[in-house]
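Numbered by this note's numbering, the letters in the sequence shown go through residues 5 to 123 in order. As structure tokens, the structure follows; a few thoughts come after it.
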Amino acid sequence: MRPHAPGGLLFVALGVILVAAGYVWRGRVLRPLSAKRAQAAVIRDRSRNLLRSADMAIAGARRRAARDEPAIVTIGDVTRVARQHYGYHFVEREEAAAALRERYEASDCRVDCMTDAFN
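Below, the structure written as structure tokens:
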């Protein structure tokens with residue numbers, strides 16, 4: 005048995021190269037290869053952030069509501085939260101209303117909330 009087999013040395017060298025490349029490129033975001041995939045990712049992120057904004061608006065309205073009073077959640081609350089937390093300068097009213105309707109129904113708000121998203 006030879007003490008320094010070329011296969012083992014090649015394996016170790018490849019590992020060192022991969023570790024060095026990982027160290028150099030760590031933390032860098034790679035662009036998607038396709039513009040269509042990039043646009044789909046932006047749309048997914050925006051809709052997910054609007055749903056989160058609706059959740060935060062509902063939670064805030066529930067905190068502000070007095071005891072035995074319904075929480076009032078408006079589309080303006082959702083757009084305000086989206087602007088403050090996610091930096092969206094413009095959110096269409098229909099888009100915010102759709103997100104608020106979805107989260108309103110999912111969180112069983114009919115019991116203790118009121119909204120203008122269904123008008």
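All C-beta atoms in this analysis are idealised placements derived from N, C-alpha and C, irrespective of residue type, glycine included.
Close Cβ partners of residue i (< 8 Å) along its chain, the five nearest in sequence each way excluded
| i | result |
| --- | --- |
| A103 | S51, L54, L55, S57, A58 and V82 |
Close beta carbons around residue i, own chain, < 7 Å, minus the five adjacent residues each side
| i | result |
| --- | --- |
| A101 | I79 and A121 |
Residue i burial status per 10 Å Cβ neighbour count (16 or more: buried)
| i | result |
| --- | --- |
| I62 | buried |
| A25 | exposed |
| Y108 | buried |
| A86 | buried |
CA-to-CA distance, residue j to residue i, given in whole angstroms
| i | j | result |
| --- | --- | --- |
| V3 | R41 | No answer is possible for residue 3: the residues shown for the chain start at 5 and end at 123. |
| M118 | A69 | 11 Å |
| P10 | Y92 | 57 Å |
| D49 | Q43 | 10 Å |
| S38 | R97 | 30 Å |
Residue interval of the beta strand (DSSP E) (run including residue i)
| i | result |
| --- | --- |
| V77 | A75 to V77 |
Chain-order list of residues whose beta-carbon lies under 6 Å from that of residue i (same chain, five-residue window excluded)
| i | result |
| --- | --- |
| Y90 | N53 |
Of the residues the options, the one placed nearest residue i, counting alpha carbons only
| i | options | result |
| --- | --- | --- |
| C126 | V16, V95, E98 and R66 | Within the shown structure, residues of the chain are numbered from 5 to 123, placing residue 126 beyond reach of any answer. |
Range covered by the alpha helix (DSSP H) that runs through residue i
| i | result |
| --- | --- |
| A52 | Residue identity differs from the one stated: residue 52 is Arg in this sequence, not Ala. Where R52 is concerned, the enclosing alpha helix (DSSP H) stretches over A39 to R68. |
| V28 | P10 to V28 |
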